[in-house]
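Working notes for the structure below.
There are 2 protein chains.
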Amino acid sequence: MADLPYELVEPQNFFSFCAHCILQMMMQSDGLDLSPRKVEYLKYLRETGDCRKIGELAVHFSVDPSTVSKVVQELASAGLITHRPYGRVMLTREGTLHAEFLLRRHRILALILTHYGLKGEEACQEASRFESYVSRGAVNKICRSLGHPTKGICGSISHEPGCEL
Amino acid sequence: MADLPYELVEPQNFFSFCAHCILQMMMQSDGLDLSPRKVEYLKYLRETGDCRKIGELAVHFSVDPSTVSKVVQELASAGLITHRPYGRVMLTREGTLHAEFLLRRHRILALILTHYGLKGEEACQEASRFESYVSRGAVNKICRSLGHPTKGICGSISHEPGCEL
DNA sequence: TCCGGAAGTTGGTACATGACCAAAATATAT
DNA sequence: ATATATTTTGGTCATGTACCAACTTCCGGA
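Residue numbers (our numbering), protein chains in the order written: chain A, 1 to 165; chain B, 1001 to 1165.
The structure is reproduced here in structure tokens:
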């Protein structure tokens, strides 16, 4: 952060960025920074309206609670969820935005698979296997190319501001 | 292997399978059994006409020769390549067939990415990241849906017998 | 209010993948 | 035949994702 090229942003242009946009830009990752399991956790939390318990996640993903406990701590360290020991798990604002992307990515990818003859359920499962390795940039291009569809196979697709850039 | 349901194949139908088909069927994996790095090795060996040296692979993938040496041993154990210590690396018949699939998968996936606006090089790199997690079944469906294209972006696509099934 | 069982955490282990280094072994080329 | 280049071996390490056992904390009922 020491050598930020401040000159790149002319003073007269600086205020054309609103705080929200700056936050968005800072938050935007390439979409490849989360491991597959963490992606599943975030999507699940977003889909179920978050505020889940460790045990619920453990049952849903058929893993030991201790496994969930540890991964949840990592997600909390990453600032994507909040979790006090023995407490509930819930998405932060940033985690929510990221989970929105993860769901959009999943649904876009599952959707295009159905265009190639995969059945709904099959497309969903297939997408789940590889989606973690598909970059945000690629997703946005596919999304734009499809005209930002709003209907996926396993849920509706919501488009955050910025995805069409 | 103890409890194979021999009854499932009626004696009068058994000989309708030729040895080649049986071999094919036995060899056909779901396409998800190789780690990303191993996939890269096999594709490279197939593309460069195999019979490579460890050092070449190490340079090409920018990793330590010792890393290559170990992974190569694993591929040899899996029966996909032959490799005597200090000798050349080359694909077995099975390895060649599998590498053909890996190349077809890569090129099919890169191809469809270009249909969504990704540039050639970009599509190739993107595909390389996630292709290891895309099943043979899905690839075959996409392939069939595209009418078994023969021209990919980073090479021609060859279709083994069986891919259109 | 206290207590016991349920829920969650911690610490340890395990396995796969894939990377590195240093040292030993082998091959090759002069 | 020996020096140099290549490869292998044996360690170590990091990441991701699991498990188990033991411990801690929480909560609801008597």
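For each residue, glycine too, the CB sits at the ideal point set by N, CA and C.
Name the two residues that bound the continuous beta strand (DSSP E) containing residue i.
i, result
"L1091 of chain B", "1089 to 1091"
"I1081 of chain B", "1081 to 1083"
Distance check for residue j and residue i, CA to CA, integer angstroms please.
i, j, result
"L222 of chain A", "I142 of chain A", "Missing from the structure shown is residue 222 of chain A; chain A here goes from 1 to 165 and no further."
"S156 of chain A", "R105 of chain A", "12 Å"
"K1151 of chain B", "M90 of chain A", "48 Å"
"E74 of chain A", "R37 of chain A", "12 Å"
"R1129 of chain B", "S128 of chain A", "15 Å"
"V72 of chain A", "S29 of chain A", "20 Å"
"N140 of chain A", "S158 of chain A", "12 Å"
"I153 of chain A", "L146 of chain A", "15 Å"
"L1057 of chain B", "T1048 of chain B", "11 Å"
"V1068 of chain B", "K119 of chain A", "39 Å"
"P1065 of chain B", "T114 of chain A", "42 Å"
"S1062 of chain B", "L1034 of chain B", "20 Å"
"R136 of chain A", "F101 of chain A", "8 Å"
"R1031 of chain B", "L1111 of chain B", "Checking the sequence shown, residue 1031 of chain B turns out to be Gly, not Arg. Going by the C-alpha atoms only, they are around 18 Å apart."
"R107 of chain A", "E1121 of chain B", "25 Å"
"A138 of chain A", "A1138 of chain B", "19 Å"
Taking only beta-carbon positions, decide if residue i is within less than 8 Å of chain A.
i, result
"K1141 of chain B", "yes"
"Y1116 of chain B", "yes"
"E1040 of chain B", "no"
"F1061 of chain B", "no"
"S1029 of chain B", "no"
"R1144 of chain B", "yes"
"R1037 of chain B", "no"
"E1126 of chain B", "yes"
"R1107 of chain B", "no"
"R1129 of chain B", "yes"
With distances taken Cα to Cα, identify the nearest neighbour of residue i among the options.
i, options, result
"P85 of chain A", "A:T92, A:A99, A:K70, A:A78", "A:K70"
"A99 of chain A", "A:V139, A:S35, A:V39, A:L111", "A:V39"
"H1060 of chain B", "B:G1147, B:L1042, B:H1115", "B:L1042"
"E1094 of chain B", "B:I1108, B:I1153, B:S1077, B:A1058", "B:S1077"
"G79 of chain A", "A:R136, A:T96, A:P65, A:V63", "A:T96"
"V134 of chain A", "A:D64, A:T92, A:L109", "A:L109"
"R1144 of chain B", "B:F1130, B:E1160, B:K1119", "B:E1160"
"T1092 of chain B", "B:N1140, B:E1121, B:D1050, B:Y1116", "B:D1050"
"T188 of chain A", "A:Q125, A:K53, A:G117, A:C154", "No information on residue 188 of chain A is available, as it lies outside the stretch 1 to 165 that chain A covers here."
"H1148 of chain B", "A:R88, A:Y116, A:S62, A:T67", "A:Y116"
"C1124 of chain B", "B:L1034, B:D1033, B:L1103", "B:L1103"
"G1087 of chain B", "B:L1032, B:G1055, B:L1113", "B:G1055"
"E126 of chain A", "B:E1131, B:E1122, B:E1126", "B:E1131"
Measure from the C-beta of residue i to each C-beta in chain B and report whether the shortest distance is under 8 Å.
i, result
"Y133 of chain A", "yes"
"A138 of chain A", "yes"
"L113 of chain A", "yes"
"E121 of chain A", "no"
Could you give the first and the last residue of the continuous alpha helix (DSSP H) run that contains residue i?
i, result
"Q28 of chain A", "Element bounds for Q28 of chain A: n/a, residue is neither H nor E."
"C143 of chain A", "136 to 145"
"G1055 of chain B", "1054 to 1061"
"L1075 of chain B", "1065 to 1077"
"P1036 of chain B", "1036 to 1047"
"C1124 of chain B", "1120 to 1130"
At a threshold of 7 Å, does residue i count as lining the ligand SAH (C-beta to nearest heavy atom)?
i, result
"D1030 of chain B", "Within the structure as shown, the ligand SAH is missing, as the structure has no ligands at all."
Problem set entry | Cβ-based contacts, 8 Å cut-off: residues of the stretch 77 to 105 of chain A near chain B | none
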